[in-house]
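Notes follow once the structure below has been shown.
2 protein chains.
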Amino acid sequence: MDSREFKDAAAATIDDIVSYFDNIGERNVVATVEPGYLRKLLPSAAPVEGEPWAAIRHDVEAKIMPGMTHWNHPGFHAFFPCATSYPSILGELYSSALSTAAFNWICSPAVTELETIVLDWLAQLLGLPACYLSTGPTRGGGVIQGSASEAVLTAMVAARDKYLRETIPADGDTDADADAREDAVMRKRSRMVALATTATHSSVRKAALILGCRFRAIRVRAEDGYALTREGLAAELAACRAQGLEPFFLAVTLGTTDTCAVDDFAGVAQALEEQHAAPGAPGEVWVHVDAAYAGAALVCPEVQEATRIGLVGRFHSFDMNMHKWLLVNFDASCFFVRDRDWLIQALSVNQAVYGNKASAGGLVTDYREWQIPLGRRFRSLKIWFVMRSYGVKGLQENIRKTTGLGDEFAEWVRGRPDLFEIVTPPRFALTVFRMAGPTADASLEDRNALTKTLYEKANASGKIWLTSTELDGRFAIRLMTGVRTTEREHVEHAFKTLVAIAEEARA
Amino acid sequence: MDSREFKDAAAATIDDIVSYFDNIGERNVVATVEPGYLRKLLPSAAPVEGEPWAAIRHDVEAKIMPGMTHWNHPGFHAFFPCATSYPSILGELYSSALSTAAFNWICSPAVTELETIVLDWLAQLLGLPACYLSTGPTRGGGVIQGSASEAVLTAMVAARDKYLRETIPADGDTDADADAREDAVMRKRSRMVALATTATHSSVRKAALILGCRFRAIRVRAEDGYALTREGLAAELAACRAQGLEPFFLAVTLGTTDTCAVDDFAGVAQALEEQHAAPGAPGEVWVHVDAAYAGAALVCPEVQEATRIGLVGRFHSFDMNMHKWLLVNFDASCFFVRDRDWLIQALSVNQAVYGNKASAGGLVTDYREWQIPLGRRFRSLKIWFVMRSYGVKGLQENIRKTTGLGDEFAEWVRGRPDLFEIVTPPRFALTVFRMAGPTADASLEDRNALTKTLYEKANASGKIWLTSTELDGRFAIRLMTGVRTTEREHVEHAFKTLVAIAEEARA
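One line per chain: the protein sequences are A and B, in this order. Using this note's numbering, the letters of the first sequence correspond one by one to residues 1 to 507. Using this note's numbering, the letters of the second sequence correspond one by one to residues 1001 to 1507.
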């Protein structure tokens, strides 16, 4: 494909993309293809001769589109959003042309420097304390990761190494000393435990699986709104101590997957101080704040205030995904740490070929030392484009509009107590509800079956997509209104669909 | 930014990209900015009001470009290439518009199915044995990872879990049984060791750091071309046994970073069989083939034959990066495993909200169970576009042309024994060389200093970029000719530059 062909192909692609967004509501949200549909449509091997662009473009609409589930469809109320926007697409476009494996500063200084700068912009915008800024007092800063799963894994690795460094000092320089320390580390590791709650995202359990360390999920309760409390954490810390286990890591959440619960940050800090090491003391528990989805809402000062976000300055790391609710396309997980050396000490591995004067001089950031992989894409470009194109006001508007739609939906649900029951109140554009009744003494099984029917029929309509969850044995429906393209009329349509099915079920 | 503004902005961006590639050779390869250059040029916070596209576009050329190191510059002879191509850019463009977190099949069936299909195409194209095909006899298959580092980490986690499952049977169902097994696992883990060589990529050591497991690098020798041999591995296995350590994982390499060495696959298989468990026996060592860069060359049948690639059927996993030398932009690390259940058993973590009929039916692939992160981008699209647009012939031509340039460069180097000495012969478009003399009895330090001067002066020219390494204390220069835009004239220019500096140094 030469420059001329590329220009034509790209122009056609841009037309396809604009037309895709202009008409996205006319498609079904969820693909209705059968498993294995695509293998029937494609040859069994790569073509020997190159094909013209027209043939490839044709197959995108004819063969790929039927198999797409449209995460930016206005009727996408499932999971959390997976954003995209025009400025973000342009950022990705430049990035793919400037392909670079920018693991060290010198590999493309702009990739590293723009990342540091836009993450400082973001930290300020979210109201994070200064310790998470690259220019702050504690040598903290931000780094873009591929996903919240990678961020929590990175945090847990750093936490484990910090804990081992602080609790098993390295004495002496001989091989025998090193062997003795390795044995002590192995013994200690077998007692270390990572903590989270039963409402925490599965990525924390997965990170513990990868590290091969013990994991305990603290049970959260409906009466606490499924949030971790001081009492819950204190009891778990005491139980660990009684069993000779050593907690070294705790994931707290701002906006859990099931219900968007927010853990009690002040209570967590208090429990840790009372039951465990004081903040900053050797062997303190590393607290990672998973704000993957709801962290986006912190661009609004009223949310910063409501969540008392300044409290995260007592913790160690914070992560939020701009690619969920902040108009940047996947992937852009923004991970902040209070002291970059915690990452570098755990993750720096050198090789002769990486050597260069800028790194040796110590004046630059080499992000390979802040993450699991070596290479990295130019992901800050799309963040920069989105921030500049929307401006702070535009980002706030998107959060406020979609949060408002969620609140409105919950109001409508509350207005039909004959049909529905709110399970958890609307938070961050997410409402969790289930079918009411049918009678006051209906069994849990009957009520679950009823809600499940509503859920399946609503999804079968093709124009909306909802996800479900289970809370203390109660089957419940999650309706999320955070997609950029979702307007009041779409939420109204979803509500009417739900009412019609519920009324029919009740009749 | 509305549809109209996006169309205009995208058209301008496409023009910028075409002009970038048309004139890339006129830029300096490596950015010459000072650390911190960008902070001086950008505001300290995100703008409150949105800005027009023209302002953003202007800043890309004015502020970002000076800080770019151009990995697709014809004079980029450093590290390995980080490819891009027009069809790949179009793939990324569609992917960013269709933003989806396709962790389960239903989240976008096309994302999962196209990935399985194009990785089957690729496995065939590389001559991998049928066990690595999704349709093969062993329930194997491929998955796209972000980088070779993630692939090796994933392989190592799966290997550790497979080893523990096979060597510590799970007896009984009681809590006491589970506790006893956990204790046994912790004891066993403290004795497990991952193996690689001193020439293996740093990502293997990093994976062991992340897992927190022991790691040993087997020393490879100049006389073996820096490749792992049967004898070397056998000796290490015996040493481990003597110390009560249990090897569970071995990384072998097709194309090491320093010199593109290829480990002796037949010898490795033989040593494992003789010294350790037979293939398929419980407790066998998992062998991961890291072909991150040179694996691309396997698209040529002559390379499949020369490397006896069929032997990897005796091993467990294989990884190569299309984003290095196969015209797909970063990231597209193609990871193949002989039995997908090894991954799923190690990495599957469920959460109520992921539940859906297709997954429950067991008929579909949920790639979240094959990787570290949960979400994933639509990366197969760019692979599909590149394979179709270039065709097999086009991919082969790119490998043969750039390998030929490397061979030619090495011939020129050999033609000036007064100035240069080949350290390792040209392999996969990489030549490693150093300064000759100046006298037959010159000290290692003097020769290193001479080569270092050549290296630094050549890079200072701005028009070429080389990387260096150190082999048994010998400072050496790596010159790689794998970039798509590199033509004979550019390699000739690099050679002439080197000769001029070397002659001046000698005079």
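For every residue, glycine included, the Cβ atom is placed at its ideal position computed from N, Cα and C.
Leaving out five residues before and five after residue i in sequence, what residues of the same chain have Cβ atoms less than 8 Å from its Cβ?
i: B/LYS1452; result: SER1468, PHE1475
On a CA-only basis, which of the options is nearest residue i? Give me that one, please.
i: B/PRO1137; options: B/GLY1391, B/ASP1339, B/PRO1438; result: B/ASP1339
i: A/ALA62; options: A/LYS357, A/VAL48, A/LEU42, A/LEU211; result: A/LEU42
i: B/THR1497; options: B/VAL1285, B/ALA1460, B/VAL1483; result: B/ALA1460
i: A/ALA148; options: A/PHE336, A/ALA278, A/ALA271; result: A/PHE336
i: B/VAL1156; options: B/THR1200, B/ALA1208, B/PRO1169, B/LEU1119; result: This sequence places Met at residue 1156 of chain B; Val is not what is there. When each option's Cα is compared against that of B/MET1156, the closest is B/ALA1208.
i: A/ILE106; options: A/GLY362, A/ALA458, A/ARG414; result: A/GLY362
i: B/MET1322; options: B/ASP1002, B/ASN1398, B/GLU1503, B/THR1032; result: B/ASN1398
i: A/ASP331; options: A/LYS382, A/SER359, A/GLN345; result: A/LYS382
i: A/GLU274; options: A/LEU133, A/LEU237, A/SER348, A/GLU305; result: A/LEU237
i: B/ASP1002; options: A/ILE89, A/ASN448, A/SER443; result: A/ILE89
i: B/ALA1550; options: A/VAL33, A/GLY140, A/TYR132; result: For chain B, the structure presents residues 1001 to 1507; residue 1550 of chain B sits outside this window and is missing.
i: B/PRO1425; options: B/ASP1224, B/TYR1037, B/HIS1288; result: B/ASP1224
i: B/SER1134; options: B/LEU1126, B/GLU1115, B/GLN1145; result: B/GLU1115
i: A/ARG39; options: B/ALA1054, B/GLU1113, B/TYR1086; result: B/GLU1113
i: A/ARG478; options: A/GLY462, A/ILE501, A/LEU454; result: A/LEU454
i: A/TRP53; options: A/LEU122, A/VAL423, A/THR256, A/ASP8; result: A/ASP8
i: B/ALA1159; options: B/GLU1411, B/PHE1433, B/ILE1344, B/THR1431; result: B/ILE1344
i: A/TYR163; options: B/GLY1462, B/ALA1170, B/GLY1212; result: B/GLY1212
i: B/VAL1423; options: B/GLU1470, B/TYR1293, B/VAL1386; result: B/GLU1470
Can you find a C-beta in chain B that's less than 8 Å from the C-beta of residue i?
i: A/ALA155; result: no
i: A/LEU233; result: no
i: A/LYS393; result: yes
i: A/ASN350; result: yes
i: A/LYS7; result: yes
i: A/ASN28; result: no
i: A/ASP418; result: no
i: A/ASN509; result: Outside the shown range of chain A, which is 1 to 507, sits residue 509 of chain A, and nothing can be said about it.
i: A/GLU113; result: yes
Taking C-beta pairs closer than 8 Å, name the residues in chain E that residue i reaches, listed in chain order.
i: A/LEU237; result: In the displayed structure, chain E is absent; the protein chains listed are A and B.
Excluding sequence positions up to five away, which residues of its chain have a Cβ less than 7 Å from the Cβ of residue i?
i: A/ARG221; result: none
i: B/THR1481; result: HIS1077, THR1402, LEU1405, GLY1406, PHE1409, ALA1429, VAL1491
i: A/ILE464; result: VAL29, GLY75, HIS77, ALA458, ALA494, THR497
i: A/ALA83; result: HIS323, LYS324, TRP325, LEU326, LEU327, VAL328, ASN329, ARG484
i: B/ARG1027; result: HIS1070, HIS1073
Would residue i be called buried (16 or more neighbouring beta carbons within 10 Å of its own) or exposed?
i: A/GLY280; result: exposed
i: A/ASN23; result: exposed
i: B/ASN1329; result: buried
i: A/GLU92; result: buried
i: A/GLN371; result: buried
i: A/ASP290; result: buried
i: A/PRO417; result: exposed
i: A/ASP161; result: buried
i: B/ASN1350; result: exposed
Using a Cβ-Cβ cut-off of 6 Å (strictly less than) and excluding sequence neighbours within five positions of residue i, which residues of its own chain qualify?
i: B/GLN1396; result: VAL1299, CYS1300
i: A/ARG216; result: VAL193, LEU195
i: A/VAL204; result: VAL152, ALA196, ALA251
i: B/PHE1420; result: VAL1413, PHE1433, ALA1436
i: A/ASP120; result: LEU133, SER134
i: A/ASN448; result: PHE475
Verify the CB distance criterion: does residue i have a CB-CB separation below 8 Å to chain A?
i: B/LEU1479; result: no
i: B/MET1320; result: no
i: B/LEU1367; result: Just to set this straight, residue 1367 of chain B is Tyr in the shown sequence, not Leu. For B/TYR1367, the answer is no, since every Cβ of chain A falls outside 8 Å of its Cβ.
i: B/SER1147; result: yes
i: B/GLU1470; result: yes
i: B/PRO1129; result: no
i: B/TRP1071; result: yes
i: B/GLY1295; result: no
i: B/THR1100; result: yes
Contact between the segment 307-318 of chain A and the segment 183-190 of chain A: three or more CB pairs below 8 Å? The count of Cβ pairs closer than 8 Å, one atom from the segment 307-318 of chain A and one from the segment 183-190 of chain A, stays below three, leaving the stretches out of contact.
Within 8 Å, do at least three Cβ pairs link the segment 255-272 of chain A to the segment 187-206 of chain A? Because the criterion of three Cβ pairs below 8 Å is met, the segment 187-206 of chain A and the segment 255-272 of chain A touch.
Could you tell me whether the segment 226-244 of chain A touches the segment 265-273 of chain A, using the rule of 3 or more Cβ pairs below 8 Å? Segments in contact, yes.
Between the segment 1364-1380 of chain B and the segment 1168-1184 of chain B, are three or more C-beta pairs nearer than 8 Å? no
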